[in-house]
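So the protein lines, in turn, are chains A and B.
Everything in the first sequence is counted per our numbering, starting at 16 for the first residue and increasing by one.
Everything in the second sequence is counted per our numbering, starting at 16 for the first residue and increasing by one.
Just so it is clear, CB atoms sit at the ideal spot from N, CA and C, and this is done for glycine as well.
In what follows, a structure is listed as structure tokens, so that the remarks can point back to it.
Number of protein chains: 2
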Amino acid sequence: LSSLPLFPRVALLGVGYIGGSAVLAARQAGLVGHVVGYDVSPSAGVVGQQKGVLDASASTLAEAVRDANLVLLAAPVRSLETLLRDLGKGLPPHAIVIDVGSVKSDVVAAAEAFLPAGQFVGCHPMAGAEFCGVESAEAGIFAGRVCFLCPPSHVEPRAMHAAQAFWAGIGCRVIAIDPQTHDRLMAAQSHLPHVAAYALAGALSPSLSFLDSTTSEASPTTSLRDTTRIAASSPAVWRDIFLANAENLLPLIEELEINVREIKAAVAKGDAAELESLLAKGQFARQRLVKA
Amino acid sequence: LSSLPLFPRVALLGVGYIGGSAVLAARQAGLVGHVVGYDVSPSAGVVGQQKGVLDASASTLAEAVRDANLVLLAAPVRSLETLLRDLGKGLPPHAIVIDVGSVKSDVVAAAEAFLPAGQFVGCHPMAGAEFCGVESAEAGIFAGRVCFLCPPSHVEPRAMHAAQAFWAGIGCRVIAIDPQTHDRLMAAQSHLPHVAAYALAGALSPSLSFLDSTTSEASPTTSLRDTTRIAASSPAVWRDIFLANAENLLPLIEELEINVREIKAAVAKGDAAELESLLAKGQFARQRLVKA
Chain A
16 LSSLPLFPRV
26 ALLGVGYIGG
36 SAVLAARQAG
46 LVGHVVGYDV
56 SPSAGVVGQQ
66 KGVLDASAST
76 LAEAVRDANL
86 VLLAAPVRSL
96 ETLLRDLGKG
106 LPPHAIVIDV
116 GSVKSDVVAA
126 AEAFLPAGQF
136 VGCHPMAGAE
146 FCGVESAEAG
156 IFAGRVCFLC
166 PPSHVEPRAM
176 HAAQAFWAGI
186 GCRVIAIDPQ
196 THDRLMAAQS
206 HLPHVAAYAL
216 AGALSPSLSF
226 LDSTTSEASP
236 TTSLRDTTRI
246 AASSPAVWRD
256 IFLANAENLL
266 PLIEELEINV
276 REIKAAVAKG
286 DAAELESLLA
296 KGQFARQRLV
306 KA
Chain B
16 LSSLPLFPRV
26 ALLGVGYIGG
36 SAVLAARQAG
46 LVGHVVGYDV
56 SPSAGVVGQQ
66 KGVLDASAST
76 LAEAVRDANL
86 VLLAAPVRSL
96 ETLLRDLGKG
106 LPPHAIVIDV
116 GSVKSDVVAA
126 AEAFLPAGQF
136 VGCHPMAGAE
146 FCGVESAEAG
156 IFAGRVCFLC
166 PPSHVEPRAM
176 HAAQAFWAGI
186 GCRVIAIDPQ
196 THDRLMAAQS
206 HLPHVAAYAL
216 AGALSPSLSF
226 LDSTTSEASP
236 TTSLRDTTRI
246 AASSPAVWRD
256 IFLANAENLL
266 PLIEELEINV
276 REIKAAVAKG
286 DAAELESLLA
296 KGQFARQRLV
306 KA
């Protein structure tokens, strides 16, 4: 006799890379039973079943969440508010709702507004976002990664325990943090680096044909590879993240623009002392940002 | 009876990380015999001998290059012109002169102006520049890396053969390229990524105390690690590189500034379509820049 999984019936709302990977990992860990998916794109449901993520695909939200013990919101960040509003109408009274979004203040506020009190915990597993689509889902991406938990003020302890059990069960290191601090932290540690990578790659757009014609033999430098790696991420995903976290991100983009402009001015003037001091500021910050 | 090394007597001018590493690698490959070092800092000569890079340390340039078959210029980029001028006065007639600088047009022009015709080949081994000081020298950093050779117009074939033999002998993949194309290529592939990394790390300077207070548990994201890695590089080294390659680099920094400003404006306006299109431009460029 095998024991019942912690979450016998799961609804996956938004069938993509992160949600699909989380379900695959939870299946491997024996945490979940029957998983029903719902996605605005019907083909995601089909691929999700082929990939072994879903047992069934629902054609409505209400059908997907009926009887669910756990609702995993894994749709794009900008669709979460609408999804939470709709979810508030038919949520089973004992279901726990968790999400995977990279920005937390808005979704926690929307959950407080639209869901019965206490059933929601905002979650942010820090696992690769360069890929998209459930067809790329991989169970292994969560092992050893941090997952932030951002509970609303009136969370029920059983909701926190469930969220903790889910993410720790698939290998995450779980850290509770308030949503505002989370979003400010992510603006600095993740969102601004993405802005820089996209801007750097974009700045090399006009050089692409020159580079194509000269780099047949010379492979790209590791500098270029590392600094632009995350510019390979989905534009739609990061558009939503930047917009959802605009309040925290904008002052940092402003700082980035200023730093670029100051380096440009020092190079243009040939001001060696000023240039070295700007670069030393960056080196010092890097050493503090990434210790050891 | 052991055979004579290809370069029985070597002068290393500028005893630092790259030059020291190249000599260590050349010793392992049996390419060099007696190596005399010369550096403006006397302590570099002492450490160079302790580290096994140098057999002897000279107190003047003339003493260092007397009887040399190979002169390896590995001093900071901005000191190369003066060094070449001084070198022109006492260079043994059969010595081959090579360098390791990251920018090539200026040094090739200076060599044409100050050295006897044909003895110089500009060289740029693409091996790690994050460290500095001969105490960090490592023989293994050249294996599999590209080394660009930028010959002046009147190079002697024996100089090209010697440069080729040296770098290929320590494991580099040697690629000949004209100095102007090299500098334009490096501005895009290496120098602009360094500007972006320094500017990004610098932009996070004002956030350091907030980050220190919140990240005791959460380690920095891989995004932040990768995008700022090269900001750990020596400010003095990169100040010189940026200034030496200002002509090629400035238009690219300008492009970077424009791209940052456009992303900022789209986020500020909440213009989702414009923002996605800017990010898609970056993603497309990244995919062309770093294939596979």
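Asked: Cβ-based burial, A:Glu272 [other Cβ within 10 Å; buried from 16]; Found: buried
Asked: Chain A contact for B:Leu102 (CB, 9 Å cutoff); Found: no
Asked: Interface flag, B:Gln302 vs chain A, CB-CB below 9 Å; Found: yes
Asked: Endpoints, the beta strand (DSSP E) within which B:Phe2 is located; Found: With chain B covering only 16 through 307, there is no way to say anything about residue 2 of chain B.
Asked: Contact set between A:Thr229 and chain B, taken where Cβ atoms lie within less than 7 Å; Found: Thr196 and Leu200
Asked: Among A:Ala287, A:Ala259 and A:Ala251, the one whose alpha carbon lies nearest that of A:His197; Found: A:Ala259
Asked: CA nearest to the CA of B:Pro140, picked from B:Gly186, B:Ala125 and B:His176; Found: B:Gly186
Asked: Per DSSP, cross-strand counterpart(s) of B:Cys147; Found: DSSP, once it has assigned bridges, lists no residue as partnering B:Cys147.
Asked: Under 9 Å between C-beta atoms of B:Val68 and B:Gly35; Found: yes
Asked: C-alpha gap between B:Pro194 and B:Val136, whole angstroms; Found: 11 Å
Asked: Contact list for B:Ser222 against chain A, beta-carbon separation under 8 Å; Found: Ala203 and Leu267
Asked: Beta bridge counterpart(s) of A:Pro140 as assigned by DSSP; Found: A:Cys162
Asked: Rounded C-alpha distance that separates B:Leu265 from B:Val92; Found: 18 Å
Asked: Element boundaries [beta strand (DSSP E), containing B:Val275]; Found: B:Val275 -> not in any beta strand (DSSP E); alpha helix (DSSP H) instead, spanning Ala261 to Lys284.
Asked: Complete beta strand (DSSP E) runs within the stretch 150-218 of chain A (minimum length 3 residues, chain order); Found: 161-165 and 188-191
Asked: The beta strand (DSSP E) enclosing A:Gly52, as first and last residue numbers; Found: Val47 to Tyr53
Asked: Beta-ladder partner(s) of B:Ile135, from DSSP; Found: It is worth fixing the name first, because residue 135 of chain B is Phe in this sequence and not Ile. B:Val112.
Asked: N- and C-terminal bounds of the beta strand (DSSP E) containing B:Leu19; Found: B:Leu19 -> no beta strand (DSSP E), and no H or E assigned at all.
Asked: Buried or exposed by the 16-neighbour rule on C-beta atoms within 10 Å, applied to B:His209; Found: buried
Asked: C-alpha distance - A:Leu219 paired with A:Leu290, whole-angstrom precision; Found: 22 Å
Asked: Assigned secondary structure, A:Leu87 (DSSP; H/G/I helix, E/B strand, else coil); Found: strand
Asked: Coarse secondary structure for A:Ala44, derived from DSSP in three states; Found: coil
Asked: A:Leu46 to A:Ala83 span [Cα, whole Å]; Found: 14 Å
Asked: Same chain only: Cβ atoms within 6 Å of B:Ala191, ignoring 5 sequence neighbours per side; Found: Leu164
Asked: Straight-line gap, B:Ala214 to B:Val115 (C-alpha atoms, nearest Å); Found: 26 Å
Asked: Heavy atom of the ligand FAD within 8 Å of A:Gly105 beta-carbon; Found: The ligand FAD is absent from the structure shown, which contains no ligand whatsoever.
Asked: Classification of B:Thr242 by the beta-carbon crowding that lies within 10 angstroms, buried from 16 upward; Found: buried
Asked: Cross-strand partners of A:Ser72 (DSSP beta bridge); Found: A:Gly52
Asked: Reduced DSSP category for B:Gly105 - H, G, I as helix; E, B as strand; rest coil; Found: helix
Asked: Buried or exposed (CB count within 10 angstroms, at least 16 for buried), B:Ala73; Found: buried
Asked: Integer Cβ distance of B:Val123 from B:Val86, believed to fall under 8 Å; Found: Not quite, the Cβ-Cβ distance comes to about 15 Å (not below 8 Å), so this is no contact.
Asked: The stretch 277-294 of chain A / the stretch 244-258 of chain B touching (three or more Cβ pairs under 8 Å); Found: yes
Asked: Interface flag, B:Asn274 vs chain A, CB-CB below 9 Å; Found: yes
Asked: Collapsed DSSP secondary structure at B:Arg244 in the structure displayed; Found: helix
Asked: Interface flag, A:His209 vs chain B, CB-CB below 9 Å; Found: yes
Asked: Chain-ordered neighbours of B:Gly217 on chain A, where CB pairs are closer than 7 Å; Found: Asn274, Leu293, Lys296, Gly297 and Ala300
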